[in-house]
Amino acid sequence: HHGGANLSISMKNLMGIVWDRRFFHSHDLQQCIADVCTLEKKPVINIVDAYRLLQTNGPQGRSLTDVVPSKAMFISQDIVAADTAAAKFFNQVREMPLDTVGHLANGQALNLGTMDIDKLNVQRIRM
Numbered sequence: 001h002h003g004g005a006n007l008s009i010s011m012k013n014l015m016g017i018v019w020d021r022r023f024f025h026s027h028d029l030q031q032c033i034a035d036v037c038t039l040e041k042k043p044v045i046n047i048v049d050a051y052r053l054l055q056t057n058g059p060q061g062r063s064l065t066d067v068v069p070s071k072a073m074f075i076s077q078d079i080v081a082a083d084t085a086a087a088k089f090f091n092q093v094r095e096m097p098l099d100t101v102g103h104l105a106n107g108q109a110l111n112l113g114t115m116d117i118d119k120l121n122v123q124r125i126r127m
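So the sequence shown is residues 1 to 127, counted in the UniProt record's numbering.
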């Protein structure tokens, strides 16, 4: 969990390429996260490591009680779909309605991907 973005997954992690992120935090962070994903050269694959989920005290966490072992991973070429699937999964651990993660809908509106993961070919692999 990350206060301003509500969740830090693939889309939010792309903010790491921006040198001065202060502007983002004071000018509609949810839209800025989606905007940074409109890069000409987009990630070819998005891998969400959800082996452990930070449910409280994000973004760093303070103790092991902040973490829930979930042993999951999400992989997709569609950055919005990967983050939507991960957000829905996270919602099982801690209430986090998709509409509170505004950069997902903003990314879909920018045609970066889809939030309708029911239309995707989802494969579950047990390890």
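Every residue gets a Cβ at the ideal spot worked out from N, C-alpha and C, and that includes glycine.
Applying the 10 Å Cβ sphere with the 16-neighbour rule, what's the burial state of residue i?
{"i": "residue 101", "result": "buried"}
{"i": "residue 92", "result": "exposed"}
{"i": "residue 79", "result": "buried"}
{"i": "residue 46", "result": "buried"}
{"i": "residue 30", "result": "buried"}
{"i": "residue 1", "result": "Any reading at residue 1 needs caution, since the residue's pLDDT is 39, under 50, leaving its predicted position unreliable; the model's value is listed next. It counts as buried."}
{"i": "residue 84", "result": "buried"}
Name the residue from the options whose alpha carbon lies nearest to the alpha carbon of residue i.
{"i": "residue 105", "options": "29, 115, 96", "result": "115"}
{"i": "residue 7", "options": "110, 123, 103, 108", "result": "103"}
{"i": "residue 39", "options": "122, 28, 97, 112", "result": "112"}
{"i": "residue 76", "options": "62, 95, 17, 48", "result": "48"}
{"i": "residue 117", "options": "62, 34, 88", "result": "88"}
Looking at residue i and the ligand GTP, is the gap between the Cβ and the nearest heavy atom below 7 Å?
{"i": "residue 45", "result": "Within the structure as shown, the ligand GTP is missing, as the structure has no ligands at all."}
The alpha helix (DSSP H) spanning residue i covers which residue range?
{"i": "residue 108", "result": "102-109"}
At the 8 Å Cβ level, is residue i part of the contact set with chain B, yes or no?
{"i": "residue 15", "result": "Structure shown: chain B not included; a single protein chain is present."}
Inset, instruction - Could you pull out every unbroken beta strand (DSSP E) segment of at least 3 residues lying fully inside the UniProt domain "DUF362" (1-88), listed in chain order? - result: Every beta strand (DSSP E) of 3 residues or more that sits fully in the UniProt domain "DUF362" (1-88) is shown, in chain order, as 46-54, 67-76.
Inset, instruction - State whether the segment 17-36 contacts the segment 51-64, with contact taken as three or more CB pairs (one from each stretch) at a distance under 8 Å. - result: The segment 17-36 is not in contact with the segment 51-64.
Inset, instruction - Taking 8 Å as the threshold, find out whether the segment 66-76 comes into contact with the segment 36-52 through three or more Cβ pairs. - result: The segment 66-76 vs the segment 36-52: in contact.
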